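Residue numbers (the working numbering), protein chains in the order written: chain P, 1 to 185; chain U, 1001 to 1185; chain S, 2001 to 2185; chain D, 3001 to 3185. First the structure, in the form of structure tokens, and then the observations on it.
Number of protein chains: 4
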Amino acid sequence: MRVFARQGFFKSAVSQIAREAGVADGTIYLYFKNKEDILVQFFTYKTKLVFEGFKDAVRAGSGAEEQLRNLIRRHLTEFRDDPDMARLYQAEMRRHSRLAEQEIRAMSQMYQDLVAEIIEKGQQEGTIRQDLNPSLVKRMIIGTLDEIISTWLHSGGGHDLVALTDHLVELFLQGIGQGQPGPAA
Amino acid sequence: MRVFARQGFFKSAVSQIAREAGVADGTIYLYFKNKEDILVQFFTYKTKLVFEGFKDAVRAGSGAEEQLRNLIRRHLTEFRDDPDMARLYQAEMRRHSRLAEQEIRAMSQMYQDLVAEIIEKGQQEGTIRQDLNPSLVKRMIIGTLDEIISTWLHSGGGHDLVALTDHLVELFLQGIGQGQPGPAA
Amino acid sequence: MRVFARQGFFKSAVSQIAREAGVADGTIYLYFKNKEDILVQFFTYKTKLVFEGFKDAVRAGSGAEEQLRNLIRRHLTEFRDDPDMARLYQAEMRRHSRLAEQEIRAMSQMYQDLVAEIIEKGQQEGTIRQDLNPSLVKRMIIGTLDEIISTWLHSGGGHDLVALTDHLVELFLQGIGQGQPGPAA
Amino acid sequence: MRVFARQGFFKSAVSQIAREAGVADGTIYLYFKNKEDILVQFFTYKTKLVFEGFKDAVRAGSGAEEQLRNLIRRHLTEFRDDPDMARLYQAEMRRHSRLAEQEIRAMSQMYQDLVAEIIEKGQQEGTIRQDLNPSLVKRMIIGTLDEIISTWLHSGGGHDLVALTDHLVELFLQGIGQGQPGPAA
DNA sequence: GATGAATGAGGATTCATTCAT
DNA sequence: AATGAATGAATCCTCATTCAT
């Protein structure tokens, strides 16, 4: 992963990966079908781990807002603590959609379920609006976080990623408008 | 671009591009320094065009909300009408950051300037909150749109991308919270 | 020639030569059959010139020793004054023997005739030994001069090439032996 | 080497070399950095071998004349027995001076040292003149031999190269002059 | 006669993958 | 199970040469 993350999938040689792993080139093929499979297996494995964490974080919150905050904090923390993975998700995930398609769909669905869970809870509490499209909200959250992580990676990891959590929660909840909530245009 | 968009940069052979363009392989190299330069020149050229359109769209709006709506509609329209470009932006832009770095920065800055312009106007009108970080708002908007376009591309362009405009404007302005506007979190 | 001399035949592009000559690429082919022909025509032309000079130099000498000295001085002068030609002769002549074969044979023969002329004269004068193989002597002279020019070129043209003339004449005439001339081993 | 010798460096394709060697194209690159490295490694390896032989030959002689004769005979024998190497030295050595520079210098120096050794010995014996420039003598010997080998190669290896040894030794020792030895010119 | 854009064959090099050990 | 030498298909790029203008 280190190799893929730093050089990109296509510029990485299998022999580099083998060297980094301390095994012979041929050994790779005892555990992976081919080069692409290395990436796919990683995504399958890592995604599961990460999402368990996301779920735990959400479940650990009592109110919708706290859940959202937990999810976002966890999301940012996870990527901050593993920049190689961050880079892989940003750069390689989209390209290898053909092969990793199933993984992506599953992951996307999991995220959406989490968001739906939060929204539902918030609607029950009365803290979240009724007229929301969970899928759209999910895409807003995930897209925003992705973009923020991307910027952070490009900046060389300068600022504190996790510190943005509260600003983001606030932005998502309140929006940018100064107006009375209610029926919009 | 068609070739790059459908196969990805690394899986595309220069001779494929030449064939698609109806010229000989060598002819490519009369106009492009190397394979990567084809992509870079395209980004340079296309980005300029697209951003002129974005600017016009924003300037055509009278109020901040209308401007935001115009920007988003234009953004979605542009990518819907040129799915090849959309795919390229989604899949290749991030990876070739080294070479296209300047372009990306310039583009990112332009977008941010547009958003800042809208925010400022809205703040003067009293329709946009005062306490906003323009860079964060920009990342939210661009990230959300990117994710939405990504989903749309992956779905095979099924639903109407541009029809999401109003929902997005509403979501950005109002947020997902059901609360009294004002200092939150 | 400048281009060939500095980069070598195979690393020189026809378009470079055209640029240096201030004409279009295609124009080259109005005057030369192909790339190799540029070299061949040059050798044909230049060799003739140079050998006329060699002949003149030899004829201008009255005794055999003076003739030899004149030949060598002229030879070294010619190459010192045109290092590009020198480099071409050293580096490209041997390789293109197939095509330039005729030229090389002619040139070699001319040189041999000059040397034979000198030897004959010296033998008549009694200053040159009788039992000499003119072809061998020619190869000694031309080989030595070539090697000396080669060394000079490699050294960056540091020392004065022509100043070696007298030492060489002396070396050729006297040999390195300290002995009584006559029947050797 | 066979391939390089027969076609020249630039006209030789790596795949030809691989075929001749009975391996796949890629295998070449497990042992050589690139095409040029094939030549350089050969020179490095072969030159060492050959010069060991030269040294042995010189050391095997007791008097200066015998040493000179041994050196020349060995030199001619070596090249006669390996015409491919001979062709390579004649045609490619000079051109690849950039890369093989170090080798050439080292070789040139070794040859010069050998010649200096012979001269010194002869001067002690009284068989070699005192006023000699070893570097010039070296260039005469090596240049003459090169030229003789060149002629031999061009003639298709017709006559017996090694048979020239005695004539050459005699020529070098006595010179072409019919005069009293001593200070000339 | 001169041009130079276009051509496309050719060749060096890389690297994922295999398989005998 | 592990190795790593060998493979050879794949591909970018160069450049001599042509020919319509």
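Where is the CB? At the ideal position from N, CA and C, for every residue including glycine. Only a predicted model underlies this, so the values are computations on that prediction, with no experimental measurement involved.
Chain-ordered neighbours of MET1107 (chain U) on chain P, where CB pairs are closer than 7 Å: Per Cβ cutoff of 7 Å: no residues; MET1107 (chain U) is ~13 Å from chain P at best.
Does the Cβ-Cβ distance between ARG3002 (chain D) and ASP3081 (chain D) come in under 8 Å? no
So SER1162 (chain U) packs on THR1077 (chain U), CB below 8 Å; how close in whole Å? With the sequence shown as reference, residue 1162 (chain U) is identified as Val, and Ser is not the correct amino acid for it. Yes, VAL1162 (chain U) and THR1077 (chain U) are in contact; Cβ-Cβ is about 5 Å, under 8 Å.
Could you name the residues that DSSP lists as bridge partners for GLY177 (chain P)? U:ILE1128
Below 8 Å between beta carbons: does that hold for SER1012 (chain U) and PHE1004 (chain U)? yes
So, does the CB of MET1140 (chain U) fall closer than 8 Å to a CB anywhere in chain P? Closer than 8 Å to some Cβ of chain P, the Cβ of MET1140 (chain U) qualifies, so yes.
Length at least 4, wholly inside the stretch 36-73 of chain P: the alpha helix (DSSP H) runs in chain order: none
Alpha-carbon to alpha-carbon, LEU3071 (chain D) and LYS3046 (chain D): Our two residues, LYS3046 (chain D) and LEU3071 (chain D), have alpha carbons roughly 17 Å apart in a direct line.
Just verifying my parser: in three-state terms, what is the DSSP assignment at GLU2078 (chain S)? helix
Between the Cα of ARG3059 (chain D) and the Cα atoms of D:LEU3168, D:TYR3029, D:GLU3117, which residue gives the shortest distance? Out of D:LEU3168, D:TYR3029, D:GLU3117, the CA that lies nearest to the CA of ARG3059 (chain D) is found in D:GLU3117.
Check whether GLN7 (chain P) and ILE1128 (chain U) have beta carbons under 8 Å apart: no
Do you know how far the Cα of SER1062 (chain U) is from the Cα of LYS1048 (chain U)? Answer to the nearest angstrom: the Cα atoms are 24 Å apart.
Determine the chain D residues that contact VAL2137 (chain S) at a beta-carbon separation under 7 Å, and present them in chain order. ILE3176
So ALA1057 (chain U) and GLU1125 (chain U) are in contact, right, with Cβ under 8 Å, and what is the actual spacing, rounded? With a Cβ gap of about 18 Å, ALA1057 (chain U) and GLU1125 (chain U) do not count as contacting.
In chain P, what lies closer than 8 Å to ASP1160 (chain U) by C-beta? Correct list: empty, because the minimum Cβ distance to chain P is about 14 Å.
Mind pulling the chain P residues with CB within less than 8 Å of ASP1146 (chain U)? The contacting residues are GLY143, ASP146, GLU147.
Which residues of chain U have a Cβ atom closer than 8 Å to the Cβ of ILE72 (chain P), listed in chain order? Chain U residues near ILE72 (chain P): none, gap ~12 Å exceeds 8 Å.
Any C-beta of chain P sitting closer than 8 Å to the C-beta of HIS1167 (chain U)? The beta carbon of HIS1167 (chain U) falls within 8 Å of a beta carbon belonging to chain P, placing the residue at that interface.
Determine the chain S residues that contact GLY3126 (chain D) at a beta-carbon separation under 7 Å, and present them in chain order. GLN2178
Is it true that the CB of LEU1168 (chain U) sits closer than 8 Å to the CB of ILE176 (chain P)? no
Cβ of ARG3039 (chain D) within 8 Å of Cβ of GLN3090 (chain D)? At residue 3039 (chain D) the sequence reads Leu, which differs from the Arg that was named. No, Cβ-Cβ distance for LEU3039 (chain D) and GLN3090 (chain D) is not below 8 Å.
Could you tell me which chain P residues have their CB closer than 7 Å to the CB of PHE1010 (chain U), listed as they occur along the chain? Going along chain P in sequence order, the residues near PHE1010 (chain U) (Cβ under 7 Å) are PHE10.
Assuming GLU3092 (chain D) is part of the alpha helix (DSSP H), what are its boundary residues? In the DSSP assignment, GLU3092 (chain D) falls outside any alpha helix (DSSP H) and carries neither an H nor an E.
Output needed for PHE2157 (chain S): all residues of its chain with C-beta closer than 7 Å, excluding positions within five of it in sequence on either side, in chain order. For clarity, residue 2157 (chain S) is Gly in the given sequence; the question names Phe instead. Here the set comprises PRO2083.
Per-residue contacts from THR3027 (chain D) into chain S (C-beta, under 9 Å): Per Cβ cutoff of 9 Å: no residues; THR3027 (chain D) is ~25 Å from chain S at best.
Between PRO183 (chain P) and the rest of its own chain, which residues show a CB-CB distance below 6 Å, the 5 nearest in sequence each way excluded? Residue placement at PRO183 (chain P) cannot be trusted, given a pLDDT of 43 that sits under 50; the coordinates are not used to answer.
The alpha helix (DSSP H) with MET1001 (chain U) in it runs from where to where? First-last for MET1001 (chain U): undefined, no H or E at that position.
As assigned by DSSP and simplified to three states, the class of HIS3159 (chain D): coil
Verify whether the separation of the beta carbon atoms of GLN1109 (chain U) and SER1135 (chain U) is less than 8 Å. Going by beta carbons, GLN1109 (chain U) and SER1135 (chain U) fall outside the 8 Å limit.
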